[in-house]
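Here is the structure we will look at.
Numbering (this note's numbering), first residue to last: 555 to 712.
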């Protein structure tokens, strides 16, 4: 038997499992702690205001950590959305970043295979032209920016 439970009373959930069998491989995660950690990471990234003059095509990247964010910004990224291996941003998070950048065309760098599908949903939810470079790592994200042209279109920057 497998069971996945969300509860405020962990002890009662474990006892209920014992009442119907012999539970094993029990794992308990504190979702409130995880949410607090995600909020802390977003706060550390900070600097969500778009930088510089409006451009034809802006870049939104998903990253985690102030050092990585600084490198992305130095390579021309306009907005960084907090996220990574165990902290995937929502479509709403990416959409908010896309809407905030000063450009009609936007390229998203998900930098994680788990985020690509979420990023690909953004284009249908905005009037801006959004394209996703299917980057699966931070290194791929950095590399893709070597060819970035802020005066090009989203399609030209793929």
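For glycine and all other residues, C-beta sits at the position ideal for the given N, C-alpha and C. If you're wondering where the values come from, they're calculated on a predicted model, not measured in any experiment.
Residue 640 sits exposed, since fewer than 16 C-beta atoms from the chains shown fall within 10 Å of its C-beta. Take the alpha-carbon of residue 559 and the one of residue 565: they are about 12 Å apart. When the alpha-carbon of residue 638 is set against those of 615, 630 and 685, the nearest one is in 615. In the DSSP assignment, residue 683 forms a beta bridge with 659. Taking the Cβ atoms as the reference, residue 645 lies roughly 21 Å from residue 623, outside the contact range of under 8 Å. Note that the segment 661 to 672 does not touch the segment 575 to 585; fewer than 3 beta-carbon pairs, one per stretch, sit closer than 8 Å. Rounded to whole angstroms, the separation of the alpha carbons of residue 613 and residue 658 is 11 Å.
Minimum Cα-Cα distance from residue 587 among the listed residues 683, 708, 650 and 562 corresponds to 562. Of 575, 610, 577 and 572, the smallest CA-CA separation from residue 682 is found for 610.
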